[in-house]
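Undergrad: Going by the working numbering, the sequence shown opens with residue 4, and the numbers climb by one from there.
Where a beta carbon is used, it is the ideal one built from N, C-alpha and C, also for glycine.
Please read these numbers as outputs of a predicted model, since none were measured by experiment.
Please find one structure pasted underneath; my questions will follow.
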Amino acid sequence: MVRASITLVETSSQGHIALVFDANFHITDSTGKIVASTSDGVDASVAKIGGASKDRIITVAFSQDGSLFATCNNEKTVTIYNTADWTAVRSLIIAKRATAITFDSSGAYLLIADKFGEVHRTPTALSADEIASKPELLLGHVSIVCDVKMSHGSPSFVLTCDRDEKLRVSKYPNAYNIQSFGLGHTEFVTTIATAQFAPNNAVTGSGDGTIRLWDISSGQLVQTVDLRDLLEPYYANGRAHVGVSNFEDRNAATQRYGVLRVRSIEGQRMFVAAVERFPVVVMFSFGEGPALANVRVVDVARPVADVAVLGDRIVAAYAPPSDQDNDDLAVVLEPTNGDLTTDVTLSAALNALSTQQIETAAPAPSIYVWGNKMYMDPPKDDEE
Numbered sequence: 004m005v006r007a008s009i010t011l012v013e014t015s016s017q018g019h020i021a022l023v024f025d026a027n028f029h030i031t032d033s034t035g036k037i038v039a040s041t042s043d044g045v046d047a048s049v050a051k052i053g054g055a056s057k058d059r060i061i062t063v064a065f066s067q068d069g070s071l072f073a074t075c076n077n078e079k080t081v082t083i084y085n086t087a088d089w090t091a092v093r094s095l096i097i098a099k100r101a102t103a104i105t106f107d108s109s110g111a112y113l114l115i116a117d118k119f120g121e122v123h124r125t126p127t128a129l130s131a132d133e134i135a136s137k138p139e140l141l142l143g144h145v146s147i148v149c150d151v152k153m154s155h156g157s158p159s160f161v162l163t164c165d166r167d168e169k170l171r172v173s174k175y176p177n178a179y180n181i182q183s184f185g186l187g188h189t190e191f192v193t194t195i196a197t198a199q200f201a202p203n204n205a206v207t208g209s210g211d212g213t214i215r216l217w218d219i220s221s222g223q224l225v226q227t228v229d230l231r232d233l234l235e236p237y238y239a240n241g242r243a244h245v246g247v248s249n250f251e252d253r254n255a256a257t258q259r260y261g262v263l264r265v266r267s268i269e270g271q272r273m274f275v276a277a278v279e280r281f282p283v284v285v286m287f288s289f290g291e292g293p294a295l296a297n298v299r300v301v302d303v304a305r306p307v308a309d310v311a312v313l314g315d316r317i318v319a320a321y322a323p324p325s326d327q328d329n330d331d332l333a334v335v336l337e338p339t340n341g342d343l344t345t346d347v348t349l350s351a352a353l354n355a356l357s358t359q360q361i362e363t364a365a366p367a368p369s370i371y372v373w374g375n376k377m378y379m380d381p382p383k384d385d386e387e
């Protein structure tokens, strides 16, 4: 038996860390102490979160002020929690399976992107006499929407990316008014990052192995960073793991550099990225121009499944191990004298947490499976 790995990690402005493992999640404070959990195997002093998911949680988000936390599972159930007492303030069933969620800047609405190329929004709270209605359609793509984020500053934009290599910037809340398209990626676009220190820009990551900097207003591609130049040596030394594909047009031996997540580090004016099946995090400074500069590759013990930012610290969740010698859940990195070092105390606290015991740690499905344009996710019986 082995311990289940963390599949998603999310952090809040109030110092909470959400650690998702399959259908459950822990909420810790900034020291790694569990303050709330859906799991039964925690101390009696920990707040037990009701309305727990019965299926795998696929996306989570905190509101900008940290007062709300939302989850969506594979059963298409969205639950919104008040982080003051971890009670569920809303729960709803959506029509299509979600791929990403985010709160708008006010926290009044939750935006939900789905596999059918649509983004809806729903109020985060209803008054006593208000009747819940279907989520409002904001915008649509012609392929899977992979991520959704809000811009910072004014005017407000909603940014979405899809499997057809596009970044779309739409005015919010009137998202039928398209501000711009960002065109240049040659594979599916997995992730978007925006930052308060760069209100006019966005950073995207893709299955094409690049991270790109965009001007939001014009859609102009400002800069491209090719990860192949940085990470190819990891294939040569055997530290990077080649993905497995089920499709004839995807050679399982191909070296790929798929970006899983990009996040902003506000206090450092930096961005950090996780790359599928690489035991690294990649750091970028945001400089004048604007430009991504001082690119650094920071080694960690195992390939990273997800990455989040807690103040100036980076929380990297490890993917399931290929061997069972190291079952650490995560590592926390902190800036020290211009370098990144391991936050030993917080790392140890997170790695001491219990998740659930499973027979074997199966590898996570590659993003190159659903990113393949031949891929059609089989619908459930009740799904269109």
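Check whether the Cβ atoms of Val161 and Tyr179 sit closer than 8 Å, and answer yes or no.
TA: Contact flag unset, no.
Undergrad: Please report the Cβ distance between Phe106 and Leu71, rounded to the nearest whole angstrom; I am assuming they are in contact, meaning their Cβ atoms lie under 8 Å.
TA: Rounded, the Cβ-Cβ distance is 7 Å, consistent with contact.
Undergrad: DSSP three-state call for Ala239: helix, strand or coil?
TA: Three-state DSSP puts Ala239 in a helix.
Undergrad: So which of Ile370, Trp373, Thr363 has the shortest CA-CA distance to Met4?
TA: Residue Thr363 is the option with its Cα nearest to Met4.
Undergrad: So, helix, strand or coil for Gly270, using DSSP?
TA: Helix, per DSSP.
Undergrad: Can you tell me which of the three DSSP states Tyr371 falls into?
TA: Reduced to three states, the DSSP call for Tyr371 is helix.
Undergrad: Could you give the distance in angstroms between the alpha-carbon of Phe289 and the alpha-carbon of Ala296?
TA: Taking the straight line joining both Cα atoms gives about 6 Å.
Undergrad: Give the DSSP-derived three-state secondary structure of Ser40 in the structure shown.
TA: It is a strand residue.
Undergrad: Using 8 Å as the threshold, is the C-beta distance between Gly110 and Thr82 below it?
TA: Result no, Cβ atoms of Gly110 and Thr82 do not sit closer than 8 Å.
Undergrad: Which of helix, strand or coil does DSSP assign to Ser399?
TA: It is not possible to answer for residue 399, since the shown part of the chain is limited to 4 through 387.
Undergrad: Give me, in chain order, the residues of the same chain whose beta-carbon lies closer than 6 Å to that of Gln360; leave out the 5 immediate sequence neighbours on both sides.
TA: Around Gln360: Met4.
Undergrad: CA-CA distance, Pro338 and Arg316?
TA: When rounded, the distance between both Cα atoms is 7 Å.
Undergrad: Residues in the same chain with beta-carbon distance under 8 Å from Lys169, minus the five sequence neighbours each way, listed in chain order, please.
TA: Cβ within range, chain order: His144, Phe184, Gly185, Leu186, His188, Val192.
Undergrad: Between which two residues does the beta strand (DSSP E) holding Val307 run?
TA: It spans 307-313 - the beta strand (DSSP E) in which Val307 sits, taken as one unbroken run.
Undergrad: Could you pull out every residue in the same chain whose Cβ sits closer than 8 Å to the Cβ of Glu251, ignoring the five residues on either side in sequence?
TA: A caution first: Glu251 carries a pLDDT of 40, below 50, which makes its placement in the model unreliable, though a value can still be read off. Taken in chain order, the list of residues that qualify is empty.
Undergrad: What does the Cβ neighbour count give for Lys57, buried or exposed, with the cut at 16 atoms within 10 Å?
TA: Exposed, since its Cβ has fewer than 16 Cβ neighbours within 10 Å.
Undergrad: For Leu234, name the three-state secondary structure that DSSP assigns.
TA: Residue state, collapsed to three classes: helix.
Undergrad: Hey, Ala39 and Val49 are a contact pair by Cβ (cut 8 Å); roughly how many whole angstroms apart?
TA: Yes, they are in contact, since the Cβ atoms of Ala39 and Val49 sit about 6 Å apart, within 8 Å.
Undergrad: On the premise that Pro293 lies in contact with Leu216, defined as a C-beta separation below 8 Å, what is that separation, rounded to the nearest angstrom?
TA: Yes, they are in contact, since the Cβ atoms of Leu216 and Pro293 sit about 7 Å apart, within 8 Å.
Undergrad: Quick check on the burial criterion: 16 or more other C-beta atoms within 10 angstroms. Buried or exposed for Arg231?
TA: So Arg231 ends up on the exposed side.
Undergrad: Quick check on Thr34: does DSSP put it in helix, strand or coil?
TA: Coil at Thr34, not helix or strand.
Undergrad: Residues in its own chain within less than 7 Å of Ala201 by CB, not counting five upstream and five downstream?
TA: Phe289, Pro293, listed in sequence order.
Undergrad: What did DSSP end up calling Tyr112 once you bin it into helix, strand or coil?
TA: Three-state DSSP puts Tyr112 in a strand.
Undergrad: Which whole-angstrom value is the C-beta distance of Val318 and Val303, which I expect to be below 8 Å?
TA: Val318 to Val303, Cβ: 11 Å. No contact.
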